[in-house]
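Step one of this worksheet: look at the structure below.
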Amino acid sequence: MSLFLAAALLTQSAVMVTPPLTVPAPALPSGDVGFNEILANRPLAAIKRIEASELARKGDPLAMINLGTAYKMVGRKDEAARFYRTALRSDDRYDVQLANGRWIDSRRAAALAMSRLDSNEVLALR
6 MSLFLAAALL TQSAVMVTPP LTVPAPALPS GDVGFNEILA NRPLAAIKRI
56 EASELARKGD PLAMINLGTA YKMVGRKDEA ARFYRTALRS DDRYDVQLAN
106 GRWIDSRRAA ALAMSRLDSN EVLALR
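Numbering (the numbering used here), first residue to last: 6 to 131.
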């Protein structure tokens, strides 16, 4: 009897579906978050574009991470860390695409950016 119960529980747990913690990022032109400017090594242009966007005013994680990256590129690591922390604490959470094509959770991307603050690596999201 207990073997039957164990098998039933295993079958039941295999059928349960856990809802995802993240959703895909909203469809945005890459320029809205300074992606193209960051890749072109134009951080000041990226900062200007992102700060002028509605996304930055709303504290969008994608905008915050790219803004942090742009500030990191101009040597303002304290500002970069502030924007990365804002993205980490955001109530909005979704999957974002790295420049290399890999998809990652926005909070994980912010944590990754924070952990690489002292490196020369540039984390740009689209």
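For glycine and all other residues, C-beta sits at the position ideal for the given N, C-alpha and C.
Ala115 and Tyr89 do touch by the CB rule: their CB atoms are close to 5 Å apart, below 8 Å. Going by beta carbons, Ser111 and Ala92 fall inside the 8 Å limit. Per the DSSP secondary-structure output, Val101 pairs in a beta bridge with Ile109. For Glu59, the uninterrupted alpha helix (DSSP H) segment begins and ends at 59 to 63. For Asp83, the enclosing alpha helix (DSSP H) starts and ends at 82 to 94.
Pairing Leu130 with Leu60 gives a Cβ-Cβ distance that is not under 8 Å.
Only exposed fits Arg94, as fewer than 16 other CB atoms lie within 10 angstroms of its CB. In this structure, the beta-carbon distance from Ile55 to Leu72 falls below 8 Å.
Ala57 counts as exposed, since fewer than 16 other C-beta atoms from the protein chains shown sit within 10 angstroms of its C-beta. By the 16-neighbour rule on beta-carbons within 10 angstroms, Glu126 is exposed. Buried is the label assigned to Gly39, since at least 16 other Cβ atoms lie within 10 Å of its Cβ.
8 Å or more divides the Cβ of Pro48 from the Cβ of Met69.
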